Amino acid sequence: MSSKDPSVPAASRPDGEPSAETAPAQHGKTRLEPGLHVVSTPIGNLRDITLRALDTLAAADEVLAEDTRVARKLLDAHGIRAKLSAYHDHNGAERRPDILSRLEDGATIALISDAGTPLVSDPGWKLVHEAVERGIKIIPVPGASALLAGLVASGLPSDRFMFCGFLPPKSGQRKREAESLKAVPATLVFYEGGSRLAACLSDLAETLGADRRAAVARELTKFFEETRHGTLGDLAAHYGENGPPKGEIVILVGPPIDAAPDEADIDAALIKAMAESPMKRAANDVAEAFGISKRDAYQRALALKDNG
2 MSSKDPSVPA ASRPDGEPSA ETAPAQHGKT RLEPGLHVVS TPIGNLRDIT
52 LRALDTLAAA DEVLAEDTRV ARKLLDAHGI RAKLSAYHDH NGAERRPDIL
102 SRLEDGATIA LISDAGTPLV SDPGWKLVHE AVERGIKIIP VPGASALLAG
152 LVASGLPSDR FMFCGFLPPK SGQRKREAES LKAVPATLVF YEGGSRLAAC
202 LSDLAETLGA DRRAAVAREL TKFFEETRHG TLGDLAAHYG ENGPPKGEIV
252 ILVGPPIDAA PDEADIDAAL IKAMAESPMK RAANDVAEAF GISKRDAYQR
302 ALALKDNG
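Going left to right, the sequence shown walks through residues 2 to 309 as the working numbering numbers them.
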């Protein structure tokens, strides 16, 4: 097969030849581009890590981890002996100046979280933000994400979705935030803990509507992986009766259910449109505006004209 075969993704260099970070490792070690490498790690199954992520973690000058104990297990599982240090919410302000200074001097530093893609409901945003402000290159190394895994397992519309993170722990605040999302025309994705799942689903059902389609995905990629589908009302009742489940949880709520247009509103729109345009054109315009069939709109227009 030619190296220019169009079925093989080209690297980012204009000549199509492999770039340094995608080239075969030299002397057992990949050459990394200087900058902050944001590396996604498995969300449960340790085999859900990319070859590029392993190369990056092995070659980086230092790996910043949310919890070094969790990170060490991952690195040990893949035989990686990397310099590892803690970077999290509690020490971030103290550590950032030195990290940024080293990056400006040309260091290659990898940032990981305990699981999944860093910065998605995890520490790291402030570091990346300040690095960008200083002109330091950010290199994403994509991989596992509970958000995306839950979305594709949910069966809910995936062409448009909104990640909402964790809702507030208190019911009143949770309802107010959910109310602000009620009309968003997209699948909503939340993270939640098992102990609050039933209460959260109950508040979502009350605020967004008990008949909204939803799914609860938990323990994704792990042995007891489960995705339960239903309405918000059904899911709230199930977890209310069966108690809190174990594991990391993703709640997904489908887009708002389109309500049937009010007949009086359609009639009013037809009367106004017919006063300005021929009946057929008026019916077509109203049909498009209300999302109804042109035939139904035309029949209604005839009835209004006959009764007029």
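From the three backbone atoms N, C-alpha and C, an ideal C-beta is built for every residue, glycine too.
Just so it is clear, the structure is predicted and the values come from calculations on it, not from any experiment.
**Request:** Mind checking who Gly231 pairs with in its DSSP beta bridge?
**Result:** The partner list for Gly231 (beta bridge, DSSP) reads Ala215.
**Asked** For Asp287, does the count of other Cβ atoms within 10 angstroms reach 16, so buried, or fall short, so exposed?
**Response** The question names Asp, but residue 287 in the sequence shown is Val. Using a 10 angstroms sphere on the CB of Val287, the tally of other CB atoms reaches 16 or more, which defines it as buried.
**Request:** For the beta strand (DSSP E) holding Glu180, just list the boundary residues, first then last.
**Result:** Judged by DSSP secondary structure, Glu180 falls outside any beta strand (DSSP E) and instead within the alpha helix (DSSP H) spanning 172-181.
**Asked** Would you call Ala94 buried or exposed, if buried means 16 or more other Cβ atoms sit within 10 Å of its Cβ?
**Response** Exposed: under 16 other Cβ atoms inside 10 Å.
**Asked** Helix, strand or coil for Ser196 per DSSP?
**Response** Look at Ser196 here: in three-state DSSP terms it is helix.
**Message:** Is it buried or exposed, Glu249, if we count other Cβ atoms within 10 angstroms and call 16 or more buried?
**Reply:** Under this definition Glu249 is a buried residue.
**Request:** Look at Val190 and Phe162 and say whether their C-beta atoms are less than 8 angstroms apart.
**Result:** Between Val190 and Phe162, the C-beta spacing is below 8 angstroms.
**Request:** Give the C-beta separation of Thr118 and Leu33 to the nearest angstrom, bearing in mind that I take them to be a contact with Cβ-Cβ under 8 angstroms.
**Result:** Between Leu33 and Thr118 the Cβ distance is about 19 angstroms, and since that is not below 8 angstroms, they are no contact.
**Prompt:** Does the beta-carbon of Ala265 have 16 or more other beta-carbons within 10 angstroms, so that it is buried, or is it exposed?
**Reply:** Exposed.
**Message:** Short of 7 angstroms in beta carbon distance, which residues of its chain neighbour Gly29, apart from the five on each side in sequence? Order them along the chain.
**Reply:** Caution applies to Gly29, whose pLDDT of 45 falls short of 50 and renders its modelled position unreliable; the model cannot decide the point.
**Request:** Could you tell me the boundaries of the beta strand (DSSP E) in which Ile267 lies?
**Result:** Careful: Ile267 lies outside any beta strand (DSSP E), inside the alpha helix (DSSP H) at 264-275.
**Prompt:** With C-beta atoms as the reference, is Val142 less than 8 angstroms away from Arg82?
**Reply:** Not closer than 8 angstroms, so no.
**Item:** For Ala83, the three-state DSSP class (helix, strand or coil)
**Value:** Secondary structure of Ala83 (DSSP, three-state): coil.
**Item:** Residue closest to Leu274, alpha-carbon to alpha-carbon, out of Ile258, Pro35, Arg135, Ala298
**Value:** At residue 274 the sequence reads Ala, which differs from the Leu that was named. Answer by Cα proximity: Ala298.
**Three-pair Cβ contact test at 8 angstroms for the region 136-152 versus the region 41-52** = Counting Cβ pairs under 8 angstroms, three or more are found: they touch.
**Item:** For Met280, the residue or residues it bridges with in DSSP
**Value:** Bridge partners of Met280: none, in fact.
**Asp106 versus Gly151 - alpha carbon distance** = So the two alpha carbons sit approximately 40 angstroms from each other.
**Item:** Counted within 10 angstroms of its Cβ, other Cβ atoms place Gly255 as buried (16 or more) or exposed
**Value:** Under this definition Gly255 is a buried residue.
**Request:** With DSSP collapsed to three states, give me the class of Ile293.
**Result:** If DSSP states are grouped into helix, strand and coil, Ile293 belongs with coil.
**Three CB pairs or more closer than 8 angstroms across the region 237-248 and the region 165-182** = As far as the Cβ criterion goes, the region 237-248 does not touch the region 165-182, which means the pair count is below three.
**Prompt:** Do His89 and Glu63 have their CB atoms nearer than 8 angstroms?
**Reply:** No, the Cβ-Cβ distance between His89 and Glu63 is not below 8 angstroms.
**Item:** Pair within 8 angstroms by beta-carbon distance, Arg229 and Leu157
**Value:** With contacts defined by Cβ atoms closer than 8 angstroms, Arg229 and Leu157 do not form a contacting pair.
**Request:** Since I believe Thr188 is in contact with Leu253 (beta carbons under 8 angstroms), could you give me their beta-carbon distance rounded to a whole number of angstroms?
**Result:** Rounded to the nearest angstrom, the Cβ distance from Leu253 to Thr188 is 6 angstroms, consistent with a contact under 8 angstroms.
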